[in-house]
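Undergrad:
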Amino acid sequence: MLPTKRALTLALALPATLATLIGAAPTSGSPAAGTDRHPPKPTIVLVHGAFADASSWSGTIKRLRSAGYPVVATANPLRGLAGDTAYLRGVLAGVDGPVVLVGHSYGGAVISGAAAGDSRVKAFVYIAAFTPDKGESAAQLAAKFPGSTLGETVNPQPYPLPGGGTGTELIIDQARYHRQFAADVPAAEAAVMAATQRPVSTFALEEKAPAAAWKTIPSWALIATADKNIPPAAERWMARRAGSHTTEVDASHAVLVSRPAAVTDVILDAARATR
Numbered sequence: 086m087l088p089t090k091r092a093l094t095l096a097l098a099l100p101a102t103l104a105t106l107i108g109a110a111p112t113s114g115s116p117a118a119g120t121d122r123h124p125p126k127p128t129i130v131l132v133h134g135a136f137a138d139a140s141s142w143s144g145t146i147k148r149l150r151s152a153g154y155p156v157v158a159t160a161n162p163l164r165g166l167a168g169d170t171a172y173l174r175g176v177l178a179g180v181d182g183p184v185v186l187v188g189h190s191y192g193g194a195v196i197s198g199a200a201a202g203d204s205r206v207k208a209f210v211y212i213a214a215f216t217p218d219k220g221e222s223a224a225q226l227a228a229k230f231p232g233s234t235l236g237e238t239v240n241p242q243p244y245p246l247p248g249g250g251t252g253t254e255l256i257i258d259q260a261r262y263h264r265q266f267a268a269d270v271p272a273a274e275a276a277v278m279a280a281t282q283r284p285v286s287t288f289a290l291e292e293k294a295p296a297a298a299w300k301t302i303p304s305w306a307l308i309a310t311a312d313k314n315i316p317p318a319a320e321r322w323m324a325r326r327a328g329s330h331t332t333e334v335d336a337s338h339a340v341l342v343s344r345p346a347a348v349t350d351v352i353l354d355a356a357r358a359t360r
């Protein structure tokens, strides 16, 4: 049977239609019209330090999310540097895409080790934090310069070790917490922080850092000039050694609670530099 005139017309038009559709479709590796040509925003991973918990990042989290950044505030075990570092690596394994790692206090030591060999970590941000070199401990760095009064305010307590035996953990006396840790935070809020603080194992503070990834990853540092836990002189010295972009803020060790806007600004500087 001979094809009808209508069938011939459709057959002749089909190749031209397909060519038009193929030509309009984006090729592999080319963004479609109107799509964002920038890489995805990095996930901001926040790591708290001793005598605090993940809720201390609340003001910073709100601001980062308002700026469009995905955020993860992890619970730092505070049991030992090697174990805490391994735990953070597990958290990072569940994060897609580029990462900016932010550490407060002892959390700085944790992020420095966890990023070793992880090419997805694009920047560090140290908030009133330790930045240890390989073989250094947090306790060693805190004692490098005078000014810390932490030792006068902590109470040692025994705790059972998983494999048997007993370890020692430190907790700040609640009556002294406000003056020592968070002098620029309202008293009522500091009282809640004191009640919910996470104790830190002495082993975590004394264990030597296995790596110093800040030597190959750019870093930013916020110095809390009224810090009574880590001497500001120590924070400055570590930041200079790491070549960090440095900001100084008149704040206590709990600067992430008292000055979340300033903390967020430093994190955003680091995050924007990765794009």
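Residue numbers (the numbering used here): 86 to 360. Beta carbons are placed, not taken as given, at the ideal position from N, Cα and C, and that holds for glycine.
#1: Return the chain-ordered ranges of every beta strand (DSSP E) run that is complete within the stretch 233-307 and spans a minimum of 3 residues.
#2: Are Gly202 and Leu166 touching if we call contact CB-CB under 8 Å?
#3: On the CB-based measure, 16 or more other CB atoms within 10 Å of its CB, does Leu326 come out buried or exposed?
#4: Taking 8 Å as the limit between beta carbons, can you name the residues of its chain near Ala347, skipping five residues before and five after?
#5: Counting only the same chain and skipping the five closest in sequence on each side, list residues whose C-beta sits under 8 Å from that of Ala92.
#6: Of the choices Pro284, Tyr262, Arg283, whose alpha-carbon is the least far from that of Glu274?
#7: Counting pairs of Cβ atoms below 8 Å between the stretch 265-283 and the stretch 186-193, do you hit three or more?
#8: Whole angstroms is fine: what's the gap from Arg360's alpha carbon to Val157's?
#9: Are the CB atoms of Ala139 and Thr159 nearer to each other than 8 Å?
#10: Can you tell me whether DSSP reads Gly182 as helix, strand or coil?
#11: Could you check what DSSP says for Ile212 in three-state terms: helix, strand or coil?
#12: Cβ of Thr349 within 8 Å of Cβ of Thr145?
#13: For His133, tell me which candidate among Gly250, Gly179, Ile196 has the shortest Cα-Cα distance.
#14: So if DSSP puts Gly188 in a beta bridge, which residue, or which two residues, is it bridged to?
#15: Could you compute how far the alpha carbon of Pro297 sits from the alpha carbon of Gln259?
#16: Buried or exposed for Pro241, going by 16 or more other Cβ atoms inside 10 Å?
#17: Is the stretch 243-259 in contact with the stretch 283-298, if contact means three or more CB pairs nearer than 8 Å?
#18: What are the boundary residues of the alpha helix (DSSP H) that Thr331 is part of?
#19: Under 8 Å Cβ to Cβ from Pro245, same chain only, skipping five residues before and after it: list those, please.
#20: From what residue to what residue does the beta strand (DSSP E) around Thr159 run?
TA: In terms of the structure at hand:
#1: 239-245, 251-257
#2: In the sequence shown, the residue the question calls residue 202 occupies position 117. In the sequence shown, the residue the question calls residue 166 occupies position 81. No. Outside cutoff.
#3: Here residue 326 is taken as the residue at index 241 of the sequence shown, counted from 1. Contrary to the premise, residue 326 reads as Arg rather than Leu in this sequence. Burial call: exposed.
#4: Here residue 347 refers to the residue found at position 262 of the sequence shown. Once the five neighbours on either side are set aside, the close Cβ partners of Ala347 are Leu307, Thr332, Val334, Ala336, Val340.
#5: The residue given as residue 92 occupies position 7 in the sequence shown. Residue placement at Ala92 is flagged as unreliable, the pLDDT there being 41, under the threshold of 50; the coordinate-derived value follows with that caveat. Result list for Ala92: empty, nothing under 8 Å.
#6: As a working note, residue 274 is residue 189 in the sequence shown. Minimum Cα distance to Glu274 is reached at Tyr262.
#7: no
#8: The residue given as residue 360 occupies position 275 in the sequence shown. The residue given as residue 157 occupies position 72 in the sequence shown. Straight-line Cα distance between these residues: approximately 19 Å.
#9: Walking along the sequence shown from the start, residue 139 turns up at place 54. Walking along the sequence shown from the start, residue 159 turns up at place 74. Contact flag set, yes.
#10: To locate residue 182, count along the sequence shown from 1; it is residue 97. Here Gly182 sits in coil by DSSP.
#11: As a position in the sequence shown, residue 212 is number 127, starting the count at 1. DSSP places Ile212 in strand when its eight states are reduced to three.
#12: Start at 1 with the first residue of the sequence shown, and residue 349 comes out as number 264. Start at 1 with the first residue of the sequence shown, and residue 145 comes out as number 60. Going by C-beta atoms, Thr349 is nearer than 8 Å to Thr145.
#13: Taking the first residue of the sequence shown as 1, we reach residue 133 at position 48. Selected option, being the one with the closest Cα: Ile196.
#14: Mapped onto the sequence shown, residue 188 falls at position 103. Paired residue(s): Val132, Tyr211.
#15: Mapped onto the sequence shown, residue 297 falls at position 212. Mapped onto the sequence shown, residue 259 falls at position 174. This sequence places Ala at residue 297; Pro is not what is there. Approximately 34 Å, taken between the alpha carbons.
#16: Reading the sequence shown from its first residue, position 156 is the one you call residue 241. Answer is exposed; the Cβ neighbour count stays below 16.
#17: yes
#18: Taking the sequence shown and counting its residues from 1, one reaches residue 331 at position 246. Segment 330-334 is the beta strand (DSSP E) holding Thr331; no alpha helix (DSSP H) there.
#19: Taking the sequence shown and counting its residues from 1, the one referred to as residue 245 is at position 160. Contacts found: Thr251, Gly252.
#20: Against the sequence shown, residue 159 aligns to sequence position 74. Here the beta strand (DSSP E) through Thr159 covers 156-159.
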